[in-house]
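Position 177 of the sequence shown, counted from 1, bears residue number 269 in the working numbering, the numbering being contiguous throughout.
Using N, Cα and C, we set each Cβ at its ideal position, and we do this for glycine too.
Take a look at the structure below.
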Amino acid sequence: MNTNLFSPRELVLWALSHAIVLPGMMQVVQWAFHADSGRADIFVILTIPAVIGLLQTIFLCRRVRHVWLWLPLTFMGLFLAFILGLGWMFMLAIGFGFGLAQWPLLYFSRLRLTGLWILCSGFGWIGGAVADSWLAPVMFGPATDNARYAFKFVLFGLAYATATGLYLCWCPLKGGAGIRVQNPDRA
């Protein structure tokens, strides 16, 4: 019996969905507020937990107990990021904020080593920032256009989702039971 939350195929879908949906949503926000970049930045910051929380809720709906709390906890993670990042390092602390806020649901869903979720979430987000700082200047130079902006969120989404997806793929459940699996052939 497979006691992990995700199969390797689901890990790939998890990572690709984050890498596609997050930058797509950011482009819509930038297009909608193109005249007022200050309001767009605030809306982008509020859109990040909405997109990530909703996407993850869809993936985890049959795997995590009380999954309806996932989206509100993800928004709570945004405020934890402000506290953890002390304001000026907020963008780097988003992953840790999300992970810390979502941790109780994973803990009560009988996963092992749930503290790793916080670390995977945080370091995945930081990994996206590092990848962006290395790759974007090489690919785009000093340009700050929409393609550069979308690329940033592809990297953030892919790194964050890969780190958190690896946790979900390889951290087993306590006792091997307690959560319904989505595919009967995985049981």
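Same chain only: Cβ atoms within 8 Å of residue i, ignoring 5 sequence neighbours per side
{"i": "F215", "result": "G187 and A255"}
{"i": "C261", "result": "N96, L97, F98, S99, P100, E102 and L103"}
{"i": "P276", "result": "Only weak support is given to the placement of P276: the predicted model assigns it a pLDDT of 39, under 50, and the value that follows is read from those uncertain coordinates. Taken in chain order, the list of residues that qualify is empty."}
Sequence-distant residues of its chain with Cβ nearer than 6 Å to residue i (five each side left out)
{"i": "A242", "result": "P115 and Q119"}
{"i": "Q194", "result": "L165"}
{"i": "M231", "result": "none"}
Distance CB(residue i)-CB(residue j) smaller than 8 Å
{"i": "A185", "j": "L197", "result": "no"}
{"i": "T166", "j": "F190", "result": "yes"}
{"i": "V143", "j": "V113", "result": "yes"}
{"i": "F200", "j": "A221", "result": "no"}
{"i": "A253", "j": "W106", "result": "yes"}
{"i": "Y259", "j": "L208", "result": "yes"}
{"i": "P141", "j": "L170", "result": "yes"}
Nearest neighbour of residue i, chosen from the options [CA to CA]
{"i": "F245", "options": "R202, C261, S201 and M183", "result": "M183"}
{"i": "L161", "options": "L178, V222 and G145", "result": "G145"}
{"i": "T139", "options": "A111, T149, V121 and C153", "result": "V121"}
{"i": "R202", "options": "L258, I137 and P264", "result": "P264"}
{"i": "L108", "options": "Q148, W209, L211 and L205", "result": "Q148"}
{"i": "A173", "options": "N238, F151 and I137", "result": "I137"}
Alpha helix (DSSP H) segment containing residue i, residue limits
{"i": "G257", "result": "N238 to W262"}
Same chain only: Cβ atoms within 7 Å of residue i, ignoring 5 sequence neighbours per side
{"i": "M168", "result": "A193"}
{"i": "G257", "result": "F98, L103, W106 and A107"}
Beta carbon proximity, residue i to chain B, threshold 8 Å
{"i": "L208", "result": "The structure shown contains no chain B; it holds only a single protein chain."}
Complete alpha helix (DSSP H) runs within the segment 148-225 (minimum length 4 residues, chain order): 162-176 and 182-200
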